[in-house]
Structure formats: structure tokens, C-alpha cells
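Numbering (my numbering), first residue to last: -6 to 603.
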């Protein structure tokens, strides 16, 4: 995999290097402050800075109005004790105004920060989706789709919380603490300093709590990941489990990981339950200090009852931000870890990139040439060795060989899904590395072994590569392929929803739709990658009959699963351990009595050739 440039994040293999969680990592907590993540945020904040400013303004108004309320209660208390009814009325009006400002400020904060947050989520997810679509196939060969989905969904939401709630909440809580401390010191410096003596002890206790809470939260995250993995594995393999009567053994295995998850959660709950009582305890101690020392000052006439009342309310409000900051600490760690994974993923460079001077390849005739070509998925471990092969325009060439002989790898290089290690691949004389990927792949149609359909209607799936096609054109191609008969019998014909990955259709029906889709795009080169290996005999017969017409005038590369399907090919290429060992038509290869002859005699169509 290529590393992301710019001296920022660096993409390593799955999981990253030792001591560093890569974008495949599920580490829950990162640094509280990660300069790499913070440095990337302005790009996403700039378009919504107006909304964030309004939200921050609302937050500031709410904070100031909240700070004023206890002071007004103290003033009101003194007015009541002094019998100052007119002064009390003014304070009541001010208190109502502060309440309105608190409500208005919180409304602005919630609304505008929500706007900003959703906009950031939209932009990040759009950028990640676009980036993932452009990454090379080699990237998806080595990274799990589930992990990438987690980056796009969960991690993006965590980052949104960071920029719209976490940081501003951190600032607000710090301002609240500072404001309360200043007000208390202004009102009565001596009592304020005595009251705040409990703060260092509480901070120390919070740091100790955070140490153990961090470990507990990580343990919970890892435990639920293990439970999900075990559950997914069992559900995917339920047919095997039931056929071997493994239900009880698997239940015991699941019970072990599920109990580990239970134990981890119980520990985390116990630790989480400690925090609130601890804050309440220190609040009570501070209350006691204020009542004792403040009470004596009131009795001595050094302080009014109203100031004592304000002090008590400020003490009560002082510890709320402390509790929120301790909780926000963990959220910031989670958000930083998520941000690091997201931006590390975004810096992964595609292995296959258009050259700066790449040209748009003109309409091709379909000649494909592999010249002294070798290929490896991993450096130094070639899966194809010194391939020399020319496929003429309009020629149908079948590629056969044992599993792992390099058949799919060979045809993948035609569309430049991977980069050759040595030699070259050319189409109509153009080196595939010298033309744009899009212009090359638009002239190549691929029907894979496992048919891939997308959520939507039958027609939408067929038109996937040619959106401007009319219903008449779609129907005409479907008739030629042999798919129209079953499509017309569906509940809504071409408007029938296929379901996710085509779940509402049989394997044969899905494959016929995939073939129709490939042909509708009118490619000059057609690649059939074991396209009939997973379909029933009737569907295979329909496809073979259709392909006789559809391949006319097109260059066709066919990877064969059943040798009976390639006997009519113009040429058959036999691969063995990444090398071309035989070449010729069906009769010529049988006459040679080499590897092809042995395969055909042994199997006469089925299995081991795929």
C-alpha cells in the first residue's frame, strides 16, 4: 500500500505499525489533544464558521446568564430581609430576563451547532465515499469492508461531536468554572479561597478515576467487538454448525465471550457509578465549609445572608462543570482516535493513478497484448510469470487452469485494476498505463463469478453503466441475452425491486441481469470471469446460447469453470502456476494430450478447473 504524503498521517498495513493504531484499528481512546487531527479540522469548519459562531455566541450568552442567576438570588434575599419591595421587583425582572437569555442562548446553541454538525457529517462522508471509490482494488483486498463502514459511519459522527459539542462544551465549562471562581473571590475573597481548597483533592481523585475508567472502557469496547465477531461468524456458518451438530459447543464458546462482555460492563458501571457520588461528596464538603465559615461571618455582620445564599448556589453549580469535564475528557479521547483514523484513511493514495499526461483512449477494435508481463500482489511473489499473449480483435479466448493458476489475475490486468510488475499490457497498441482509467474501462465489460446487483429496480441495475439507455434498448438487449422472459414474469417486470445485492432473485437471474448490464454498455472487450460457474444448467444453456450472438465482433476473454463451456472458443490458453503451458483450440489441445487433455478427461466439465 502506498503511504499518504504531506508528512501527516501515514497509512500502514492493517492495524498499523506497533504502538500506533492505523485506520483499521478499533482503539477506543486516543490523545486528548492530537495536533494532526486539529490541523485538519479548519477545512471542514470554514464552510460552517458562521453557524458555529452563532452557536458559540448562544453558548456564551447562556453561560453568562446562568452565572448571573445565583448573584441575583443573593440580592433578592437581602432585599427581602431589608423589606425593600421596590428593589426586589427590579431583581425579579432581571431574573426573568436572565432566564429568557438562558433559554434563547441555549436555543441558538442547539440549532446552529446542529446545522454545523450535520453539514460537517455530510461533507466528511461525501469526501470519504468519493475517496473510497477511487482507491485501487489492492486496498480492498487487504482491508475489511466492515472496518471501512465503521470509519464512514461511527467515526464521522464522533468527529462531528468533537467540533460542534466537545470543544465548545470544554470551553464553556472552563469559562463557567473561571467565572464562578472570579465572582466568589470578588464577593468574599477569604471565604472563596477556603471553599476552593477542596478542588486540588477532587482533581487528584478525578485523575485517578480516569486512569481506571479508561482501562474499563477499552475492555468493554474490545469485549463487544469480540461478541459481535463471534455472532457474525456463527450466523454466517449456521449451515455448517447445524450439519455437524455443533450448537452446544458453539453456545459454550459464545457464553464465554458474552460473559467476558458482562464482566467488563459490570466493572465499567461500578467505576462510572463512583463519579457522581464523588462529586456530590465534594459538593457537600464545600457546602459545609461555606455554612460554617460563612455562617460565622453573617453572625459577625461581616457578610450578608444574601451573599451566603449566592455562595451556596455557586458552590452547587461549580462542581457540575467539573463532572462534565471529567466525562468530556473521555469523549475527546474517543473523538481524537476517530479523527486520526478518518484522516489517515483519507491520506491513503490509490496505487493505480492516471499519469499527468494520460490520454483518453479512442474507441478500440479490441486487440489485447501481454508482452513479457509478470505480476505480483506482494513484491517478490509473482503469480504470473513472463506472459506473452496477443488476443486479436473479435477473438474469443478462453483461459483455463487449476485454482490459483492466475486466471483472474490475468484478465484483471486488462482493465488495469492492478499494476504489472514487469513488461506491459496494451490495448490496440496503447499501454494501459498511458491512458485514463475511465476511458479504458468504459470499453471493457466484465461479468464476474459472483453477480453484484445494487438496491433498486431491475431496469436501474441493467442501466447502471449506461444511464441514458431507453426502456426499448434495455428490453432489446435483455431479449438477446435471454433475460427478458423471466423479467417480464416478475411482479412489476423491469420496475421490480431486486432487494439488497439482488436478494429477491435467484443466482441465475442475477447473473443474467449482470450479463445484460455488461452488454447494454456496448463494450468492445467482454470479460467473463467464471460467469457460469454458480448458475444452474438451464441458465448456463441460456447464457451460452446468447453469448454466441453477443460476442460476435467483440474481443472476449473467458475464464472457464467448466471445460465444456470453452470447447467452441477460438483459442484456449492453459495456465499452470502463473505460466502459459499450452495454447490452441479444443481439438488441438486434446491431440497434444498435455495438461488440458488430463483436465478434460478427468473432469469433462466440473469442478477442479475453477
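Every residue gets a Cβ at the ideal spot worked out from N, C-alpha and C, and that includes glycine.
{"Asked": "Name the two residues that bound the continuous alpha helix (DSSP H) containing residue 381.", "Found": "First-last for residue 381: 374 to 384, but that is the beta strand (DSSP E), not the alpha helix (DSSP H)."}
{"Asked": "Hey, residue 51 and residue 99 are a contact pair by Cβ (cut 8 Å); roughly how many whole angstroms apart?", "Found": "7 Å"}
{"Asked": "Just the C-alpha distance for residue 135 and residue 129, rounded to the nearest angstrom, thanks.", "Found": "11 Å"}
{"Asked": "Quick check on DSSP: helix, strand or coil for residue 589?", "Found": "helix"}
{"Asked": "Residue 300 to residue 68, Cα distance in whole Å?", "Found": "8 Å"}
{"Asked": "Here's the rule I'm using: 16 or more other beta-carbon atoms within 10 Å means buried, otherwise exposed. How should residue 495 be labelled?", "Found": "buried"}
{"Asked": "For the region 67 to 81 against the region 109 to 117, do three or more pairs of beta-carbon atoms, one drawn from each stretch, fall closer than 8 Å, so that the two count as touching?", "Found": "no"}
{"Asked": "Taking all protein chains shown into account, decide if residue 444 is buried (16 or more other Cβ within 10 angstroms of its Cβ) or exposed.", "Found": "buried"}
{"Asked": "My output table needs one value for residue 89: the three-state DSSP class, helix, strand or coil.", "Found": "helix"}
{"Asked": "To the nearest angstrom, report how far apart residue 377 and residue 402 are at their CA atoms.", "Found": "8 Å"}
{"Asked": "Pull up the CB-CB distance for residue 268 and residue 202, whole angstroms please, since I reckon it's below 8 Å.", "Found": "6 Å"}
{"Asked": "Pick out whichever of 407, 45, 511, 145 has its Cα sitting closest to the Cα of residue 107.", "Found": "45"}
{"Asked": "Take the Cβ of residue 127 as the centre, count every other Cβ of all protein chains shown within 10 Å, and call the residue buried at 16 or more, exposed below.", "Found": "exposed"}
{"Asked": "The alpha helix (DSSP H) with residue 232 in it runs from where to where?", "Found": "231 to 236"}
{"Asked": "For the 8 Å Cβ check, are there 3 or more pairs between the region 527 to 542 and the region 351 to 358?", "Found": "no"}
{"Asked": "Restricting to Cα atoms, I'd like to know which of 564, 551, 570 is closest to residue 583.", "Found": "564"}
{"Asked": "Look at the alpha carbon of residue 335 and the alpha carbon of residue 124, and state the distance between them as a whole number of angstroms.", "Found": "11 Å"}
{"Asked": "Under DSSP, the alpha helix (DSSP H) around residue 473 begins and ends at which residues?", "Found": "464 to 474"}
{"Asked": "May I ask you to report which of helix, strand or coil DSSP gives residue 553?", "Found": "coil"}
{"Asked": "Report yes or no: is there a C-beta of chain D within less than 8 Å of the C-beta of residue 310?", "Found": "Looking for chain D here will not work: only one protein chain is present."}
{"Asked": "Out of curiosity, what's the CA-to-CA distance linking residue 215 and residue 326?", "Found": "16 Å"}
{"Asked": "Pop quiz: residue 185 and residue 177 are said to be a contact at Cβ under 8 Å. What is the actual Cβ separation, rounded to whole angstroms?", "Found": "4 Å"}
{"Asked": "Have a look at residue 492 and residue 351 and give me their C-alpha separation to the nearest angstrom.", "Found": "39 Å"}
{"Asked": "Give the list of continuous beta strand (DSSP E) stretches no shorter than 3 residues that lie fully inside the region 388 to 422.", "Found": "389 to 394, 415 to 420"}
{"Asked": "Using the Cα positions of residue 404 and residue 426, report the straight-line distance between them to the nearest angstrom.", "Found": "15 Å"}
{"Asked": "Nearest CA to the CA of residue 406: which residue from 388, 370, 389, 40?", "Found": "370"}
{"Asked": "For residue 454, count neighbouring Cβ atoms within 10 angstroms of its own Cβ and tell me buried if that reaches 16, exposed if not.", "Found": "buried"}
{"Asked": "With DSSP collapsed to three states, give me the class of residue 296.", "Found": "coil"}
{"Asked": "Under 8 Å, do residue 303 and residue 63 count as touching if we go by C-beta distance?", "Found": "yes"}
{"Asked": "Would you mind listing the alpha helix (DSSP H) stretches within the region 467 to 521 that are 4+ residues and don't spill past its ends, in chain order?", "Found": "477 to 481, 500 to 513"}
{"Asked": "Within a Cβ cutoff of 6 Å, which residues of the same chain sit near residue 290, ignoring the five residues on either side of it in sequence?", "Found": "296"}
{"Asked": "Just the Cα atoms here: how many angstroms apart are residue 421 and residue 338?", "Found": "36 Å"}
{"Asked": "Tell me whether residue 534 is buried or exposed, calling it buried when 16 or more other Cβ atoms sit within 10 Å of its Cβ.", "Found": "exposed"}
{"Asked": "Does residue 129 come out as helix, strand or coil in the three-state DSSP assignment?", "Found": "coil"}
{"Asked": "Flag this pair as yes or no: are the beta carbons of residue 392 and residue 568 separated by less than 8 Å?", "Found": "yes"}
{"Asked": "Would residue 282 and residue 173 qualify as a contact pair, given that the criterion is a beta-carbon distance under 8 Å?", "Found": "no"}
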